[in-house]
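> In the numbering used here, the protein residues as written are 82 to 414.
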């Protein structure tokens, strides 16, 4: 074999190797892979102006979320501590990996804001918020279909601010179908006022729209600073709120134990489920945590797992009570 032919074969082999390597990391599969992440000491990651945390430590537990690629899929199949989920169970079909990553970043910022507001209210401070209804969709041909657009934020009805989840229903119920209302809303960042009448829908006077209730924190009495540059998602909300609360109040919450956990926190303090409970629990145990808080909806995923006491919670208040009771109770696993 001549030197030229040998070089050609070596070059071809290298090219094939590069193509195969690229395929392992770039060919998309219809899955996401969840792997073990880190446990972050929130004494170091969160600063509350004018306050220092009491003894003990609280940890945010994280997971590594990897896009479905042959290399990641193979690792998850071979090694313990990984979970493979169908992509359709995690994101809508039209959402790209890049868009999903951006959404996780937005969710982290929202969870930080919500956690601070919940914690400061629980500590007895007055938190200034704006509450509103986000328009999700409208019944075709209804008055609402003509008046509103998806993502409009309705914050006033007849000049009165939205106060709670039933405010829109109560306002329209007070007057007969066909009544026109002045509705204040934010659309594309601009404050507007529109006139919209109700019609009879399923026997009730309604605009014919589906909405989601939400709130926005306008001002916190005590400034909170986060230092979490490489972590995204909303599942840290529960632990953020507990860390801020114990720092504001000086309550150690569970003595000097190392406590970890996970859970999405809502504006009203309720705790929503998360993905990757098993991986987050493993990260907590590896970090030395002896107690792990988990949303009630995810408890079955890790019930009985060795390494730390597991406390299922439904709300922020539930978590505070459970931790306060730790010295006097034996935790069932």
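Ideal placement from N, C-alpha and C gives every residue a C-beta, glycine not left out.
(1) List, from N- to C-terminal side, the beta strand (DSSP E) runs of 3 residues or more that fit wholly inside the segment 158–240.
(2) Give me the residue from 407, 304, 141 with the minimum Cα distance to residue 338.
(3) Report yes if the C-beta distance between residue 235 and residue 220 is below 8 Å; otherwise report no.
(4) Using the Cα positions of residue 366 and residue 360, report the straight-line distance between them to the nearest angstrom.
(5) Helix, strand or coil: how does DSSP classify residue 313 here?
(6) Using the three-state DSSP reduction, which class does residue 338 fall into: helix, strand or coil?
(7) At 4 residues or longer, and completely inside the segment 262–330: list those alpha helix (DSSP H) runs for me, N to C.
(8) Closest to residue 193 by CA distance: which of 387, 213, 320 is it?
(9) Looking at residue 322 and residue 373, is the spacing between their C-beta atoms short of 8 Å?
(10) Starting from residue 399 and walking both ways along the alpha helix (DSSP H), at which residues does that stretch end?
(11) Where does residue 366 sit, in a helix, a strand or coil, going by DSSP?
(12) Can you confirm whether the segment 202–215 touches the segment 294–301 when touching is taken to mean that 3 or more C-beta pairs between the two stretches lie within less than 8 Å?
(13) Based on Cα-Cα distance, which residue from 133, 165, 201 lies nearest to residue 150?
(14) Within 10 angstroms of its Cβ, does residue 411 collect 16 or more other Cβ (buried), or is it exposed?
(15) Assign residue 356 to buried or exposed, taking buried as 16 or more other Cβ atoms, counted over all protein chains shown, within 10 Å of its Cβ.
(16) Excluding five sequence neighbours on each side, which residues of the same chain lie with their C-beta closer than 6 Å to the C-beta of residue 433?
(17) Between 368, 305, 244, 364, which lies nearest to residue 295 when the distance is taken from Cα to Cα?
(18) Give a yes or no on whether the C-beta atoms belonging to residue 225 and residue 312 are separated by under 8 Å.
(19) Which of the three DSSP states is assigned to residue 142 in this structure?
(20) Rounded to whole angstroms, what's the CA-CA distance from residue 257 to residue 347? Just pull it up for me.
(21) Comparing C-alpha positions only, which one of 377, 252, 270 sits nearest to residue 240?
(22) Within 10 angstroms of its Cβ, does residue 279 collect 16 or more other Cβ (buried), or is it exposed?
(23) Using the C-alpha atoms, what's the distance from residue 130 back to residue 358?
(24) Can you name the start and end residues of the alpha helix (DSSP H) that residue 382 belongs to?
(25) Going by DSSP, what residue range makes up the beta strand (DSSP E) through residue 122?
(26) Sort 324, 370, 352, 391 by Cα distance to residue 124 and report the nearest one.
(27) Just to confirm my understanding: we take residue 117, look at its own chain, exclude 5 residues before and 5 after, and list those with CB closer than 6 Å. What are they?
(28) Buried or exposed: where does residue 218 fall if 16 or more other Cβ atoms within 10 Å of its Cβ makes it buried?
(29) Classify residue 143: buried if its beta carbon has 16 or more other beta carbons within 10 angstroms, exposed otherwise.
(30) According to DSSP, is residue 353 part of a helix, a strand, or is it coil?
(31) Can you give me the start and stop residues for the beta strand (DSSP E) that residue 390 sits inside?
(32) Give the range of the beta strand (DSSP E) segment to which residue 128 is assigned.
(33) Whole angstroms are fine: how far does the CA of residue 284 sit from the CA of residue 344?
Based on what the coordinates show:
(1) 164–167, 209–219, 234–238
(2) On the chain shown, position 257 is the one that residue 338 refers to. Out of 407, 304, 141, 407 has the C-alpha closest to the C-alpha of residue 338.
(3) The residue labelled residue 235 in the question sits at position 154 within the chain shown. The residue labelled residue 220 in the question sits at position 139 within the chain shown. No, they are not a contact pair.
(4) Working through the chain shown from its first residue, we reach residue 366 at position 285. Working through the chain shown from its first residue, we reach residue 360 at position 279. Going from the Cα of residue 366 to the Cα of residue 360 covers about 10 Å.
(5) What you label residue 313 is simply residue 232 of the chain shown in a count that begins at 1. In this structure, residue 313 counts as coil in the three-state DSSP scheme.
(6) Here the question's residue 338 lines up with position 257 in the chain shown. Coil.
(7) 318–330
(8) As a position in the chain shown, residue 193 is number 112, starting the count at 1. The option with the nearest alpha carbon to residue 193 is 320.
(9) Taking the chain shown and counting its residues from 1, the one referred to as residue 373 is at position 292. Taking the chain shown and counting its residues from 1, the one referred to as residue 322 is at position 241. Not in contact: residue 373 and residue 322 (Cβ atoms no closer than 8 Å).
(10) Residue numbering aside, residue 399 sits at position 318 when the chain shown is read from its first letter. Its alpha helix (DSSP H) spans residues 397–405.
(11) Taking the first residue of the chain shown as position 1, residue 366 is located at position 285. Note: residue 366 maps to helix in three-state DSSP.
(12) yes
(13) Position 69 of the chain shown, counted from the first residue, corresponds to residue 150. Of the candidates 133, 165, 201, the one whose C-alpha sits nearest the C-alpha of residue 150 is 165.
(14) As a working note, residue 411 is residue 330 in the chain shown. Note that residue 411 scores a pLDDT of 42, beneath 50, so its modelled location is shaky; the value from the coordinates is reported in the next line. Label assigned to residue 411: exposed.
(15) Working through the chain shown from its first residue, we reach residue 356 at position 275. With 16 or more other Cβ atoms within 10 Å, it is buried.
(16) Here the chain covers residues 82 to 414 and nothing more, so residue 433 does not appear.
(17) Within the chain shown, residue 295 is the residue found at index 214, counting from 1. Considering only alpha carbons, the answer is 244.
(18) Looking up residue 225 in the chain shown gives position 144. Looking up residue 312 in the chain shown gives position 231. No, Cβ-Cβ distance for residue 225 and residue 312 is not below 8 Å.
(19) The residue given as residue 142 occupies position 61 in the chain shown. Three-state result, residue 142: strand.
(20) Your numbering for residue 257 matches position 176 in the chain shown. Your numbering for residue 347 matches position 266 in the chain shown. Residue 257 and residue 347: Cα-Cα distance of roughly 34 Å.
(21) Numbered from its first residue, the chain shown carries residue 240 at position 159. Per the Cα distances, 252.
(22) For the purposes of this step, residue 279 is identified with residue 198 of the chain shown, where counting begins at 1. With 16 or more Cβ atoms within 10 Å of its Cβ, residue 279 is classed as buried.
(23) Your numbering for residue 358 matches position 277 in the chain shown. Your numbering for residue 130 matches position 49 in the chain shown. Taking the straight line joining both Cα atoms gives about 32 Å.
(24) Stepping through the chain shown from its first residue, residue 382 is reached at position 301. Segment 380–383, the alpha helix (DSSP H) holding residue 382.
(25) Mapped onto the chain shown, residue 122 falls at position 41. That run of the beta strand (DSSP E) goes 112–122.
(26) Mapped onto the chain shown, residue 124 falls at position 43. Ranking the options by Cα distance to residue 124, first place goes to 324.
(27) Position 36 of the chain shown, counting from 1, holds the residue named residue 117. If we look at residue 117 and ignore the five residues flanking it on each side, its Cβ neighbours are 162, 360, 363, 364.
(28) Within the chain shown, residue 218 is the residue found at index 137, counting from 1. Classification of residue 218: exposed, given that the 10 Å Cβ count is below 16.
(29) By one-based count along the chain shown, residue 143 stands at place 62. Per the 10 Å Cβ criterion, buried.
(30) Walking along the chain shown from the start, residue 353 turns up at place 272. Three-state result, residue 353: strand.
(31) On the chain shown, residue 390 is found 309 positions in, with the first residue counted as 1. Per DSSP, residue 390 belongs to the beta strand (DSSP E) from 390–394.
(32) Walking along the chain shown from the start, residue 128 turns up at place 47. Here the beta strand (DSSP E) through residue 128 covers 127–129.
(33) Taking the first residue of the chain shown as position 1, residue 344 is located at position 263. Taking the first residue of the chain shown as position 1, residue 284 is located at position 203. Taking the straight line joining both Cα atoms gives about 39 Å.
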